[in-house]
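In our numbering, the protein residues as written are 17 to 264. All C-beta atoms, glycine included, are put in the ideal place defined by N, C-alpha and C. These figures come from a predicted structure and were not determined experimentally.
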Amino acid sequence: MPIRHLPLYVIALYLLVSCKKNNGANSSGNANKLKMYIEDAKTSNSHVTDSFNVTYDNDNRITSLASPALKFVYTYSSKSFTLDLFENNQLSIHEIFYINSASYVDSTFQFDNTNDTTTEKYIYTGSLLTRDTTYSYSSAGTSIDTRDDYTYDNNGNTIKDVQSDGQGNINQITTFTYTTYPLSVRTNPTYFAPGAKYLPATQKVTDGAGSPIGTITYSYAFDGAGRLTKETDSADNGDVVVKTYIYY
């Protein structure tokens, strides 16, 4: 299975997706506040490294992740926040996240530099995100692009993500297993319901009929304070992504 975040533009996509699906505990005011985040991705025909400096505002909210090629800029208001993604200093994506009364993201509005427009609607059961529906807009009108339905274990970890299209056809099923290591660092704002309490051990993807697409196995390293310092994502086709976390 190819790991999705290999070229720089795909790293950008992965970091956008991770805002919704791979969230750690609130980093505000604790020892897990990041100074730098590094991704090193290797495939059979490419090797890409990107290093992001992480900045915060006076409320310890992430305001930017910046590398020479990519920059994520967050701006906050009382009931929403925005994300601007710059690729090589050119605005690529602008997204508005609307916050509900429980201080979780309720919905989004996004447009990009190709004039594509999408929105998302999040449905929760308690504090768990159970459905994420993406709508696309065009001159023909509005249509459902994808829908993700999430299942959790008793610890609040996502164990299954079933993705379907606008007609209800299942495109992809992703299942997860977990380690006993707490998930305690994040590279995104804190307005997303945590998708897990522990770091994943494996991620397996099949198509809608159950035929294997691929598997990723995760391994980790920690410092003397128990903080995550390195994550290695190894795909079954040989692709490897190494993520390094450097703290203040």
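Query - Buried versus exposed, by CB contacts within 10 Å (16 or more), Pro345 - result: Only positions 17 to 264 of the chain appear in this structure, which leaves residue 345 out of reach.
Requested in this report: Check the DSSP bridge columns for Lys259 and list the partner residues they point to.
Outcome: Answer is Glu55, Glu247, bridged to Lys259.
Report task. Check whether the segment 227–242 touches the segment 92–102, taking contact to mean three or more Cβ pairs, one atom from each stretch, closer than 8 angstroms. Result -> Because the criterion of three Cβ pairs below 8 angstroms is not met, the segment 227–242 and the segment 92–102 do not touch.
**Report entry** Backbone CA spacing between Asp122 and Glu136 [nearest angstrom]
**Finding:** Taking the straight line joining both Cα atoms gives about 8 angstroms.
Query raised in the report: Helix, strand or coil for Ser200 per DSSP?
Result: DSSP places Ser200 in coil when its eight states are reduced to three.
Requested in this report: Have a look at Arg202, Asp165, Ser200 and flag the residue whose alpha-carbon is nearest the alpha-carbon of Asn187.
Outcome: When only C-alpha atoms are compared, the closest one is Asp165.
Query raised in the report: Since Lys137 is in the beta strand (DSSP E), which residue starts that stretch and which ends it?
Result: From DSSP, the beta strand (DSSP E) with Lys137 extends over 133–141.
Query raised in the report: If you follow the beta strand (DSSP E) that Pro84 is part of, which residue opens it and which one closes it?
Result: It is not in any beta strand (DSSP E) - Pro84 carries neither H nor E in the DSSP assignment.
Query raised in the report: Are Asp66 and Leu86 close, meaning C-beta to C-beta below 8 angstroms?
Result: In this structure, Leu86 lies closer than 8 angstroms to Asp66 by Cβ.
Query - Outcome for Gln106 when other beta-carbon atoms lying within 10 angstroms are tallied against a minimum of 16 - result: Gln106 is classed as exposed because its beta carbon has fewer than 16 other beta carbons within 10 Å across all chains shown.
Query raised in the report: Closest to Gln126 by CA distance: which of Tyr263, Thr59, Asp100 is it?
Result: Nearest of Tyr263, Thr59, Asp100 to Gln126, Cα basis: Asp100.
Report task. Check the C-beta distance from Pro216 over to Tyr194 and give it rounded, since I have them as a contact under 8 angstroms. Result -> Right, the Cβ-Cβ distance comes to about 6 angstroms (below 8 angstroms), so this counts as a contact.
**Report entry** According to DSSP, residues forming a beta bridge with Arg77
**Finding:** Beta-bridge pairing links Arg77 to no other residue.
Report task. Can you tell me which of the three DSSP states Ala156 falls into? Result -> Ala156: coil per DSSP, three-state reduction.
Query raised in the report: For Asp223, which option in Gly254, Asp177, Thr248 has the closest C-alpha, if you only look at C-alpha atoms?
Result: Minimum Cα-Cα distance from Asp223 among the listed residues Gly254, Asp177, Thr248 corresponds to Asp177.
Requested in this report: Compute the beta-carbon to beta-carbon distance between Ser159 and Gly142, rounded to the nearest angstrom, for a pair I have assumed lies under 8 angstroms.
Outcome: So it is not a contact: roughly 30 angstroms between Cβ atoms.
Requested in this report: Could you check what DSSP says for Asn173 in three-state terms: helix, strand or coil?
Outcome: Taken through DSSP and simplified to helix, strand or coil, Asn173 comes out as coil.
Query raised in the report: According to DSSP, is Lys36 helix, strand or coil?
Result: Because the pLDDT at Lys36 is just 47, under 50, the model does not fix this residue reliably, and the value given afterwards should be weighed accordingly. Lys36 falls in the helix class under three-state DSSP.
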